[in-house]
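Visitor: Using the working numbering, the first residue of the sequence shown is number 4, and each one after it goes up by one.
Positions of the beta carbon are idealized from the N, C-alpha and C atoms, including for glycine.
Provided herewith is a single structure, encoded as structure tokens, for subsequent inquiry.
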Amino acid sequence: MDRRSLLDLERGSYLKKWTGQLPIALIYPNSYSVGMSSLGFQLVYALLGEIEGIVCERFFFSGTDEPLLSLESGRTLDNFPLVFFSISFEHDYLNLVRLLLAGSLPPFAENRDEKVCASQPLVVCGGVATFMNPEPLAPFVDLFVLGEAEPVLASLVSFLAVHMKKERRADLLKEISLGFPGCYAPALYAPQYTQDGSFAGHTPAPGLPQRIQKVTTQTCDQAAHSQLLTPNAEFSDLYLTELGRGCSRGCRFCAAGFIYRPPRLWDVDAVLSGLAERPDAVNRIGLLGMEMADHDSLTILSRYLLESGCSLAFSSLRADRISGPLLSLLEKSQLKSVAIAPDGASERLRRVINKGLTADDLLAAAESLARAGLYKLKMYLMIGLPTETLEDLEEMLELIRRIKERIQPIGRERGRLCEITLSVNSFTPKPCTPFQFHPFGVSERLAPGETRDGADAVRSLKEKIKFLQSGLKKEANVRMTSDKPENVLFQAVLARGDRRLAPVLFDMAAEGLSWKRAMRKNHLQAEQFAIRGYGCDEPLPWSIVDHGIKQQYLWDEYLKAFAEKSTIACDTRVCRRCGVCND
Numbered sequence: 004m005d006r007r008s009l010l011d012l013e014r015g016s017y018l019k020k021w022t023g024q025l026p027i028a029l030i031y032p033n034s035y036s037v038g039m040s041s042l043g044f045q046l047v048y049a050l051l052g053e054i055e056g057i058v059c060e061r062f063f064f065s066g067t068d069e070p071l072l073s074l075e076s077g078r079t080l081d082n083f084p085l086v087f088f089s090i091s092f093e094h095d096y097l098n099l100v101r102l103l104l105a106g107s108l109p110p111f112a113e114n115r116d117e118k119v120c121a122s123q124p125l126v127v128c129g130g131v132a133t134f135m136n137p138e139p140l141a142p143f144v145d146l147f148v149l150g151e152a153e154p155v156l157a158s159l160v161s162f163l164a165v166h167m168k169k170e171r172r173a174d175l176l177k178e179i180s181l182g183f184p185g186c187y188a189p190a191l192y193a194p195q196y197t198q199d200g201s202f203a204g205h206t207p208a209p210g211l212p213q214r215i216q217k218v219t220t221q222t223c224d225q226a227a228h229s230q231l232l233t234p235n236a237e238f239s240d241l242y243l244t245e246l247g248r249g250c251s252r253g254c255r256f257c258a259a260g261f262i263y264r265p266p267r268l269w270d271v272d273a274v275l276s277g278l279a280e281r282p283d284a285v286n287r288i289g290l291l292g293m294e295m296a297d298h299d300s301l302t303i304l305s306r307y308l309l310e311s312g313c314s315l316a317f318s319s320l321r322a323d324r325i326s327g328p329l330l331s332l333l334e335k336s337q338l339k340s341v342a343i344a345p346d347g348a349s350e351r352l353r354r355v356i357n358k359g360l361t362a363d364d365l366l367a368a369a370e371s372l373a374r375a376g377l378y379k380l381k382m383y384l385m386i387g388l389p390t391e392t393l394e395d396l397e398e399m400l401e402l403i404r405r406i407k408e409r410i411q412p413i414g415r416e417r418g419r420l421c422e423i424t425l426s427v428n429s430f431t432p433k434p435c436t437p438f439q440f441h442p443f444g445v446s447e448r449l450a451p452g453e454t455r456d457g458a459d460a461v462r463s464l465k466e467k468i469k470f471l472q473s474g475l476k477k478e479a480n481v482r483m484t485s486d487k488p489e490n491v492l493f494q495a496v497l498a499r500g501d502r503r504l505a506p507v508l509f510d511m512a513a514e515g516l517s518w519k520r521a522m523r524k525n526h527l528q529a530e531q532f533a534i535r536g537y538g539c540d541e542p543l544p545w546s547i548v549d550h551g552i553k554q555q556y557l558w559d560e561y562l563k564a565f566a567e568k569s570t571i572a573c574d575t576r577v578c579r580r581c582g583v584c585n586d
């Protein structure tokens, strides 16, 4: 579909004349449908659109040879002196480089002129992936905005509008680094390495802090919600509203539960205010953050949506949060399927990852959902978790059989067939989580610097996938999907990588090399980033971002995983364990 057709179907676009305006390119390095499903991308678009004197136009990655043009006016990227990227996932890193090349812009920041202009823009990058670990992208980016955009974006853009043309790039970046929270200019921080190639820390330019504290929105009167609706998003005309940010659960694998600390559950009135902004013709609602909402909040919101004639959509539900009015809303919503996330294959593994769900919770949830008319159940499972064995996987197979036995009679009573889909994904250790110290694809702990062979790790994961497939092949109405561990390995490399990966990404984008060939060309190995042990006191590339969480706390949580000890949910009123809420 051409850009004019896409624009015609949108509600909420900002279309401004260019005369006397400062142009900003806002880029999502994936398809239009994926980008327009990102609430964070929409929020930044709306924030920029509301600033006087600014014209903001969107770009997306098409994956074709078509010219790279802005959605709003069809201009090329070299017409924009400010280029903003929003990055949500590691697999979009490569597309960022491709887009810079497609826009005829110098991909490496060090090769851009000192004078900022349309052909030599200031490249600014934000999004959740960047405040997990900005380092693999650092050589391409002039400035990162680490954290949430609302507290800093408008003032930063206003500053750039005044000073961008008058100051040299280096001076501009230093002034921003000193004057604006969450702003990280990689050129002002030199990475250090030991003789054996291990990362040894960053050396900041004189006067700059050792680490950059992320920016956090503390309160809100109106919950963030969809700013722009289109039938061409991943979920057509779905109105998104967030219930809060972060999660108090503390699942040890989950980046969102740590990088968004402190967890913030918005007041119900703020959520209702966000919901009230939806257009009258839109009645499909997506609530973000349902995993952390309490029973009372879900009850109030469910009743509001029922009374408003709305239906509900969501990515997954906590198995211990399914009851009462929420079930009535789910039944009315006529969903084709619903997802719950055991994540760990066994009850023991769910203690390891601090999931806090029992088999009884999952069985009760499946039965309640079936009784509400939701006959297609999707279950998310990770393989390759710390301490995982085939016995754990066998317990998952048994759980699926028990769930099937529980829900099939309910379906037969109503003349419906119950179906179960097991979605299997290889666990990727993420920065800023307790499992950041753990190797990819390996069950046991490794000593700091100790590695395992990448091919062996991938082979082990593939064997686990085959084990599950074999165990389910005779189960009627049960299907299984899985990722490809060899592809996830590169994601694990990017997740815990450093600036040495930038030439790898460049060679992949410029020469079309596979990631393995590009790694070899640059004398790097997957094992040195992804399949090694990390120590508590070891310098980590992503520690340039200060989330306020004590490294010792993450290490203690990692050790508690091997002892199968649980940690209670975060209560910001009294809890001071991790360091985020310390005065």
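Can you name, in chain order, every residue of its own chain whose Cβ lies under 6 Å from the Cβ of L278, other than the five neighbours on each side?
Guide: Position 275 of the sequence shown, counting from 1, holds the residue named residue 278. Closer than 6 Å at the Cβ level, and outside the excluded window around L278, lie T244.
Visitor: Can you check the segment 152-210 for any beta strand (DSSP E) of at least 3 residues that lies completely inside it and give the ranges in chain order?
Guide: Counting only runs of 3 or more, we get 192-196 and 202-207.
Visitor: Check each candidate in M382, G15, P137 and D174 and name the one with the smallest Cα separation from A608.
Guide: Since the first and last residues shown for the chain are 4 and 586, residue 608 lies out of range.
Visitor: Using DSSP with H/G/I as helix, E/B as strand and the rest coil, what is L10?
Guide: As a first step, residue 10 is located in the sequence shown; it is residue number 7 there, counting from the start. Helix, per DSSP.
Visitor: Compute the beta-carbon to beta-carbon distance between L315 and L352, rounded to the nearest angstrom, for a pair I have assumed lies under 8 Å.
Guide: The sequence position of residue 315 within the sequence shown is 312, counting from 1. The sequence position of residue 352 within the sequence shown is 349, counting from 1. L315 to L352, Cβ: 30 Å. No contact.
Visitor: Is there contact here, the segment 10-21 with the segment 47-63, by at least three beta-carbon pairs under 8 Å?
Guide: Contact between the segment 10-21 and the segment 47-63 is present, because at least three Cβ pairs lie under 8 Å.
Visitor: What is the C-beta distance between Y31 and L9, in whole angstroms, given that I count them as a contact (C-beta under 8 Å)?
Guide: For the purposes of this step, residue 31 is taken as the residue at position 28 of the sequence shown. For the purposes of this step, residue 9 is taken as the residue at position 6 of the sequence shown. Y31 to L9, Cβ: 13 Å. No contact.
Visitor: Can you tell me where the beta strand (DSSP E) holding E394 begins and where it ends?
Guide: If you number the sequence shown from 1, residue 394 lands on position 391. Counting along the chain, E394 falls outside any beta strand (DSSP E), though it belongs to the alpha helix (DSSP H) covering L393 to E416.
Visitor: Let's test the definition: count the other Cβ atoms within 10 Å of the Cβ of N114 and tell me whether it reaches 16, buried, or not, exposed.
Guide: Here residue 114 refers to the residue found at position 111 of the sequence shown. N114 is exposed by the Cβ-count criterion.
Visitor: Quick test of your reading: T206 and Q221, contact by CB under 8 Å. State the CB separation rounded to the nearest angstrom.
Guide: Against the sequence shown, residue 206 aligns to sequence position 203. Against the sequence shown, residue 221 aligns to sequence position 218. Wrong, their Cβ atoms sit about 32 Å apart, outside the cutoff.
Visitor: From I534 to P451, what distance separates their C-alpha atoms?
Guide: Mapped onto the sequence shown, residue 534 falls at position 531. Mapped onto the sequence shown, residue 451 falls at position 448. When rounded, the distance between both Cα atoms is 11 Å.
Visitor: So, helix, strand or coil for F430, using DSSP?
Guide: Walking along the sequence shown from the start, residue 430 turns up at place 427. Residue state, collapsed to three classes: coil.
Visitor: Since I believe P266 is in contact with S276 (beta carbons under 8 Å), could you give me their beta-carbon distance rounded to a whole number of angstroms?
Guide: To locate residue 276, count along the sequence shown from 1; it is residue 273. To locate residue 266, count along the sequence shown from 1; it is residue 263. Between P266 and S276 the Cβ distance is about 20 Å, and since that is not below 8 Å, they are no contact.
Visitor: Taking 8 Å as the CB-CB limit, is K469 close to chain D?
Guide: No chain D is part of this structure, which consists of one protein chain only.
Visitor: With a cut-off of 8 Å on the beta carbons, I'd call S485 and V427 a contact; round off their distance for me.
Guide: If you number the sequence shown from 1, residue 485 lands on position 482. If you number the sequence shown from 1, residue 427 lands on position 424. Their Cβ separation, rounded to whole angstroms, is 4 Å, which keeps S485 and V427 in contact under 8 Å.
Visitor: Need the endpoints of the alpha helix (DSSP H) that M511 sits in, please.
Guide: Residue mapping note: residue 511 aligns to position 508 of the sequence shown, counting from 1. Taken as a continuous stretch (DSSP letters only), the alpha helix (DSSP H) holding M511 covers A505 to E514.
Visitor: Could you check how far apart the C-beta atoms of P488 and G204 are, in whole angstroms? I think they sit under 8 Å.
Guide: Here the question's residue 488 lines up with position 485 in the sequence shown. Here the question's residue 204 lines up with position 201 in the sequence shown. Their Cβ separation, rounded to whole angstroms, is 32 Å, which puts P488 and G204 out of contact at 8 Å.
Visitor: With a 10 Å radius around its C-beta and 16 neighbouring C-beta atoms as the bar for buried, classify H526 as buried or exposed.
Guide: Sequence index remark: in the sequence shown, residue 526 carries index 523 (1-based). Burial call: exposed.
Visitor: Which term fits G129, buried or exposed, when burial requires 16 or more other beta carbons within 10 angstroms of its beta carbon?
Guide: Taking the first residue of the sequence shown as position 1, residue 129 is located at position 126. Buried: at least 16 other Cβ atoms inside 10 Å.
Visitor: Thinking C-alpha only, which one of L329, K358 and E391 is nearest L593?
Guide: Residue 593 falls outside the range modelled here, since the chain spans only 4 to 586, and no answer is possible.
Visitor: Which full runs of the beta strand (DSSP E) of 3+ residues lie inside the segment 58-122, going along the chain?
Guide: DSSP runs (the beta strand (DSSP E)) wholly in the segment 58-122: 85-89.
Visitor: Please classify H550 as buried or exposed, where buried requires at least 16 neighbouring CB atoms within 10 angstroms.
Guide: Within the sequence shown, numbered from 1, the residue matching residue 550 stands at position 547. Classification for H550: buried.
Visitor: Do M135 and A258 have their C-beta atoms within less than 8 Å of each other?
Guide: For this step, residue 135 is matched to residue 132 along the sequence shown. For this step, residue 258 is matched to residue 255 along the sequence shown. Closer than 8 Å, so yes.
Visitor: Report back the beta-carbon spacing between Y187 and P137 to the nearest angstrom; my notes put them in contact at under 8 Å.
Guide: The residue labelled residue 187 in the question sits at position 184 within the sequence shown. The residue labelled residue 137 in the question sits at position 134 within the sequence shown. 7 Å between Cβ atoms; contact.
Visitor: Give the secondary structure of R502 by DSSP, where H, G and I count as helix, E and B as strand, and everything else as coil.
Guide: To locate residue 502, count along the sequence shown from 1; it is residue 499. Reduced to three states, the DSSP call for R502 is helix.
Visitor: For N585, which option in E567, E466, K553 and P184 has the closest C-alpha, if you only look at C-alpha atoms?
Guide: Here residue 585 is taken as the residue at index 582 of the sequence shown, counted from 1. Of the listed residues, the one whose Cα sits closest to N585 is K553.
Visitor: Look up H228 in the DSSP assignment and give the residues it is bridged to.
Guide: Residue mapping note: residue 228 aligns to position 225 of the sequence shown, counting from 1. In DSSP, H228 forms a bridge with T244.
Visitor: Give me, in chain order, the residues of the same chain whose beta-carbon lies closer than 6 Å to that of E280; leave out the 5 immediate sequence neighbours on both sides.
Guide: What you label residue 280 is simply residue 277 of the sequence shown in a count that begins at 1. Closer than 6 Å at the Cβ level, and outside the excluded window around E280, lie H228.
Visitor: Which residue comes first and which comes last in the beta strand (DSSP E) that contains A344?
Guide: One-based indexing of the sequence shown puts residue 344 at position 341. Unbroken beta strand (DSSP E) run through A344: V341 to D346.
Visitor: Going by C-alpha distance, which of I27, G253 and T79 is nearest K568?
Guide: Counting from one through the sequence shown, the residue named residue 568 turns up at place 565. Selected option, being the one with the closest Cα: G253.
Visitor: Can you list, in chain order, the residues of its chain with a C-beta nearer than 6 Å to that of L504? Leave out the 5 residues immediately preceding and following it.
Guide: As a working mapping, residue 504 is identified with position 501 in the sequence shown. Here the set comprises P139.
Visitor: For the segment 278-333, which segments carrying the beta strand (DSSP E) assignment without a break, of at least 3 residues, lie completely within its bounds, in sequence order?
Guide: Runs of the beta strand (DSSP E) inside the segment 278-333: 287-291 and 314-316.
Visitor: Within this structure, are the beta carbons of E117 and R171 separated by less than 8 Å?
Guide: The count along the sequence shown starts at 1 and reaches residue 117 at position 114. The count along the sequence shown starts at 1 and reaches residue 171 at position 168. Taking 8 Å as the Cβ cut-off, E117 and R171 qualify as a contacting pair.
Visitor: Could you pull out every residue in the same chain whose Cβ sits closer than 6 Å to the Cβ of R61, ignoring the five residues on either side in sequence?
Guide: By one-based count along the sequence shown, residue 61 stands at place 58. Closer than 6 Å at Cβ, skipping near neighbours: L29 and L74.
Visitor: The beta strand (DSSP E) with I552 in it runs from where to where?
Guide: Taking the first residue of the sequence shown as position 1, residue 552 is located at position 549. No beta strand (DSSP E) holds I552; DSSP gives it neither H nor E.
Visitor: Helix, strand or coil: which one does DSSP assign to R267?
Guide: Along the sequence shown, read from residue 1 onward, the residue named residue 267 stands at position 264. Of the three classes helix, strand and coil, the one that applies to R267 here is strand, per DSSP.
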